[in-house]
Amino acid sequence: DLLADWPATVGRLTKVFPKEYKNALAKMADAKAPPPVRESPAAVGGGALDVEELRPNSVAAPQKKRGFHEYSRKAMSYRPDRDRTLDWEEIYATPAKKSQQWHNLLKTQTARCMDCGTPTCHSPNQGGGGCPLGNRIPTWNQLVHEGEWKRALERLLDTNNFPEFTGTTCPAPCEEACVLGINESPVAIKSTELAIIEYGFTKGWITPQPPQARTNKRVVIIGSGPAGLAAAQQLNRAGHVVQVLERADRGGGLLMYGIPSMKLAKTEKVQRRLKLLEGEGISFKYNIEVGRDVTLAALCAQNDAVICATGATQWRDMRGTEGRHLRNIVQAMDFLTATQKATLDAETGMGPAKSSQPYELQGRNVVVIGGGDTAVDCVATAVRLGARSVLQFSRRDEAPKQRPAHTPWPCWADTYRVDYAHSEVKAMHGRDPREYLVTTKSFKASVEDPARVGAVIATRQGEGNAVTEYPAELVILAMGFTGPDKAVDPESLVPRESNSAFKAAYGEYQAEGSPWKNLFACGDCRKGASLVVTAIAEGRDCAARVDTFLMGDTSLPRAAPLAANPTFYQMPDPGVDQGNLVKRFNRRKVKSGVFAVSDAFERGLLV
Ligand SMILES: Cc1cc2nc3c(=O)[nH]c(=O)nc-3n(C[C@H](O)[C@H](O)[C@H](O)COP(=O)(O)OP(=O)(O)OC[C@H]3O[C@@H](n4cnc5c(N)ncnc54)[C@H](O)[C@@H]3O)c2cc1C
Ligand code: SF4
Numbered sequence: 001d002l003l004a005d006w007p008a009t010v011g012r013l014t015k016v017f018p019k020e021y022k023n024a025l026a027k028m029a030d031a032k033a034p035p036p037v038r039e040s041p042a043a044v045g046g047g048a049l050d051v052e053e054l055r056p057n058s059v060a061a062p063q064k065k066r067g068f069h070e071y072s073r074k075a076m077s078y079r080p081d082r083d084r085t086l087d088w089e090e091i092y093a094t095p096a097k098k099s100q101q102w103h104n105l106l107k108t109q110t111a112r113c114m115d116c117g118t119p120t121c122h123s124p125n126q127g128g129g130g131c132p133l134g135n136r137i138p139t140w141n142q143l144v145h146e147g148e149w150k151r152a153l154e155r156l157l158d159t160n161n162f163p164e165f166t167g168t169t170c171p172a173p174c175e176e177a178c179v180l181g182i183n184e185s186p187v188a189i190k191s192t193e194l195a196i197i198e199y200g201f202t203k204g205w206i207t208p209q210p211p212q213a214r215t216n217k218r219v220v221i222i223g224s225g226p227a228g229l230a231a232a233q234q235l236n237r238a239g240h241v242v243q244v245l246e247r248a249d250r251g252g253g254l255l256m257y258g259i260p261s262m263k264l265a266k267t268e269k270v271q272r273r274l275k276l277l278e279g280e281g282i283s284f285k286y287n288i289e290v291g292r293d294v295t296l297a298a299l300c301a302q303n304d305a306v307i308c309a310t311g312a313t314q315w316r317d318m319r320g321t322e323g324r325h326l327r328n329i330v331q332a333m334d335f336l337t338a339t340q341k342a343t344l345d346a347e348t349g350m351g352p353a354k355s356s357q358p359y360e361l362q363g364r365n366v367v368v369i370g371g372g373d374t375a376v377d378c379v380a381t382a383v384r385l386g387a388r389s390v391l392q393f394s395r396r397d398e399a400p401k402q403r404p405a406h407t408p409w410p411c412w413a414d415t416y417r418v419d420y421a422h423s424e425v426k427a428m429h430g431r432d433p434r435e436y437l438v439t440t441k442s443f444k445a446s447v448e449d450p451a452r453v454g455a456v457i458a459t460r461q462g463e464g465n466a467v468t469e470y471p472a473e474l475v476i477l478a479m480g481f482t483g484p485d486k487a488v489d490p491e492s493l494v495p496r497e498s499n500s501a502f503k504a505a506y507g508e509y510q511a512e513g514s515p516w517k518n519l520f521a522c523g524d525c526r527k528g529a530s531l532v533v534t535a536i537a538e539g540r541d542c543a544a545r546v547d548t549f550l551m552g553d554t555s556l557p558r559a560a561p562l563a564a565n566p567t568f569y570q571m572p573d574p575g576v577d578q579g580n581l582v583k584r585f586n587r588r589k590v591k592s593g594v595f596a597v598s599d600a601f602e603r604g605l606l607v
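Note that full-length UniProt numbering has the sequence shown beginning at 1, numbered continuously upward.
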């Protein structure tokens, strides 16, 4: 009967669509669709489109109420990929003279901040998210939104000595932990930080601030990286007489020789800051290597306190690998330092002409071995030197496109990212330079010159013993760092941790078990290879500790204390995913299923 009058029957039927069936269909559709790729802002600058662009990212009179809903994210712009490779300038497109549109953009972007009751952006969590400096992000977001730039700058400088360094180079763990990031693009915190400090410089608000009085206590700091510089500025503010000893010919540590000028301008940013510090009364001595030109013992005897901030400079090598002795197999730091020094010398008239770069890569094939940030910077440098092809080998697999279960919000997410060098190589050579699951077996000599390397022989996990020969006229080893080198303490009088970092407890910084009670250690030499932001945090915190040691008390601020942190986040118990992670990072300590903060950082950024 029903079929006899089907058109009328249909009208009486109700469509039943069980939830489970609907979910299954949605899952199938998701599986078919290509997953969204998390691109670095540099790659986005290279042309990717964001669906959120449908909402405005800049309006004349933005409203803070529901700003997170009304406006889309727009972070700092990057120059197009190909254009960037034409020079050694910063990859960012930051306007020198700010227009009203720039102000509108910043007001709108900061209107997206929800001023959360528990601002997870503001302090570090144990999963590697949140700001290690305890930057008062919601506060300065509000002040920028109100156009109160000077007050925003004051609040920013309360917690961060060098926002121009973090605003330029930081991977922004604060954005990873932003509440808005749970279901939206996070607030553009890093861009706002850079905007505040650079606006301050443009306005002439940043001038040397020497202390009102001196205590005449003498402090020597070994190493002028971000940790040493932050400690120096804080202790100088407390009135102590501070001297920084540096073995390189310029100050800044890895900010000067390490992080390439494409990521951080040397004259405009690093040297500008060094000049300010000198203006505050800190004395710098370059080309002095402690351990060779003066001993630790002498420094500790002649000064009230000594801080070791010598960085994690001891690199991993491939000694024992067949063919390692061949010429043109170089360490990443030698490659990066020599290239940057040549560029800087030429710019400042201190060395030979710009054309005489130490590495002639025009038309050459380059292989970079290593999956971390250092390797990425080598790739970008090789492209600028004219390499014909650049490959980057990584032993680990491609990271998942979406936030994996073992790094839930607000942790630092262990996801696939496209860094600036990757999008540049893609634009120049037509492919992403990364090769995953590759293990280097040996180096083969060149046919034309048997003393030089000609190819890398490697296997790929899952392909058995089958080897592939990759042509390479230059091989760059960028496999990370193990701790401070021996130069500063050739007799090994300062005890080390199992990861070879100097033994000094977090929060205390006193070198444990050393012959000198007035010796302290901070930054990468204490913590292991990390980030600029953590080095600054360590330097600040160490300075407060040293001030207490010298004066019995301190008014210097401590860095965000982990234990007393309201947003302190415990990693979930180790499950299957974490087990894999432990295997991948098996050299790191895992205590009762909880990762140390530094480990979590390194998961995202393997320097
Ligand atoms: C290639 C590369 C790229 C990186 N990119 C980023 C990035 O984009 N973002 C980020 O956040 N982090 C990045 N990092 C990590 C970051 O640079 C470091 O974590 C940070 O610089 C550590 O600061 P530090 O002050 O502890 O040590 P360093 O910056 O390493 O400074 C140590 C200083 O001590 C000096 N020194 C050592 N021994 C002696 C001695 N015996 N006598 C005198 N001086 C001595 C060294 O010459 C050096 O100048 C990168 C690291 C590398 C290697
Ligand atoms: S977590 Fe994000 S939205 Fe919340 S206060 Fe911080 S920046 Fe603003």
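Beta carbons: idealized from backbone N, C-alpha and C, even for Gly.
Fill in: Euclidean distance between Cα positions of L437 and G462
Their backbone Cα atoms lie some 8 Å apart in a straight line.
Practice prompt. Output yes or no for whether 9 Å exceeds the beta carbon distance between R327 and A451.
Written response: Yes, these two residues count as a Cβ contact at 9 Å.
Discussion item. For a minimum of 4 consecutive residues, which ranges assigned as the alpha helix (DSSP H) are wholly contained in the segment 365-451?
Written reply: Listed in chain order, they are 373-384 and 420-429.
Worksheet item: Within this structure, are the beta carbons of V494 and V425 separated by less than 9 Å?
Response: Their beta carbons are not under 9 Å apart, which means V494 does not touch V425 by this criterion.
Worksheet item: Is the segment 214-224 touching the segment 185-197 in the sense that three or more CB pairs, one from each, lie closer than 8 Å?
Response: No contact exists between the segment 185-197 and the segment 214-224.
Worksheet entry | Simplified DSSP assignment, three categories, for S191 | The answer is helix: DSSP assigns S191 an H, G or I state.
Discussion item. When you measure from the CB of I259 to every non-hydrogen atom of ligand 1, does any distance come out below 8 Å?
Written reply: If you check the C-beta of I259 against ligand 1, you find a heavy atom less than 8 Å away.
Worksheet item: In whole angstroms, what separates the C-alpha of D524 from that of N23?
Response: When the Cα atoms are used, D524 and N23 turn out to be separated by approximately 48 Å.
Item to complete: Would you mind working out which of A309, S423 and I457 sits nearest Y78, comparing C-alpha positions?
Response: When each option's Cα is compared against that of Y78, the closest is S423.
Discussion item. Between A93, V270 and R151, which has its C-alpha nearest F165's C-alpha?
Written reply: Shortest Cα-Cα distance from F165 to any of A93, V270 and R151 involves V270.
Discussion item. At the 9 Å Cβ level, is P132 part of the contact set with chain D, yes or no?
Written reply: Within the model displayed, chain D is absent; a lone protein chain is all it includes.
Worksheet item: Quick one: complete beta strand (DSSP E) runs, 3+ long, within the segment 282-311?
Response: Entirely contained in the segment 282-311, the beta strand (DSSP E) runs reaching 3 residues are, in chain order, 283-285 and 305-308.
Worksheet item: C411: beta carbon under 8 Å from a heavy atom of ligand 2?
Response: C411: no, Cβ never under 8 Å from ligand 2.
Worksheet item: For I222, which of helix, strand or coil comes out of DSSP?
Response: I222 falls in the strand class under three-state DSSP.
Worksheet item: Is M114 near ligand 2, judged by its Cβ being under 8 Å from some heavy atom?
Response: Answer for M114: yes, Cβ within range of ligand 2.
Practice prompt. Look at F481 and G539 and say whether their C-beta atoms are less than 9 Å apart.
Written response: No, the pair does not count as a contact, with Cβ atoms beyond the cut-off.
Item to complete: Indicate the three-state DSSP secondary structure (helix, strand or coil) for R206 in the structure shown.
Response: Checking the displayed sequence, the identity of residue 206 turns out to be Ile instead of Arg. Per DSSP, reduced to three states, the secondary structure at I206 is coil, with no helix or strand assignment.
Practice prompt. Measure the CB-CB distance between Q314 and I476 and report whether it falls below 9 Å.
Written response: Their beta carbons are not under 9 Å apart, which means Q314 does not touch I476 by this criterion.
Item to complete: Report yes if the C-beta of P171 is less than 8 Å from at least one heavy atom of ligand 3; otherwise report no.
Response: Absence of ligand 3 is noted for the structure shown, with ligand 1 and ligand 2 being the only ligands found.
Fill in: Nearest neighbour of E184, chosen from R73, H325, P433 and P400 [CA to CA]
Comparing Cα-Cα distances from E184 to each of R73, H325, P433 and P400, the minimum goes to R73.
Worksheet item: Do you know offhand how far T567's Cα is from C178's?
Response: Low confidence applies here, because T567 scores a pLDDT of 37, under 50, leaving its location unreliable; read the following figure in that light. C-alpha of T567 to C-alpha of C178: approximately 12 Å in a straight line.
Discussion item. What would DSSP say about W88, mapped onto helix, strand or coil?
Written reply: Coil, per DSSP.
Discussion item. Using 8 Å for Cβ pairs, my map puts I222 next to L254. What's the rounded Cβ distance?
Written reply: Cβ atoms of I222 and L254 stay farther apart than 8 Å, at about 15 Å.
Item to complete: Leaving out five residues on either side along the sequence, give the residues of the same chain with a beta carbon under 7 Å from the beta carbon of L180.
Response: The answer, listed in chain order, is F68, R112, M114, P186 and V187.
Practice prompt. Could you check if L49 is buried or exposed, using at least 16 other CB atoms within 10 Å of its CB as the buried criterion?
Written response: Unreliable positioning characterises L49 in this predicted model, as indicated by a pLDDT of 46, which lies under 50. The coordinate reading is nonetheless provided below. Result: exposed.
Discussion item. Just to confirm my understanding: we take T159, look at its own chain, exclude 5 residues before and 5 after, and list those with CB closer than 6 Å. What are they?
Written reply: Within the same chain, L133, G134 and N135 come within 6 Å of T159 by CB-CB distance, once the 5 residues on both sides are set aside.
Discussion item. Quick test of the definition: if touching needs 3 or more C-beta pairs under 8 Å, does the segment 275-290 touch the segment 505-513?
Written reply: The answer is no - the segment 505-513 does not touch the segment 275-290, with fewer than three Cβ pairs under 8 Å.
Worksheet item: Should E52 be labelled buried (16 or more other beta-carbon atoms within 10 Å of its own) or exposed?
Response: Confidence in E52 is poor, its pLDDT being 48 and thus under 50, which makes the residue's placement unreliable; the coordinate value appears in the next sentence. Taking all protein chains in view, the Cβ of E52 is surrounded by fewer than 16 other Cβ atoms within 10 Å, so the residue is classified as exposed.
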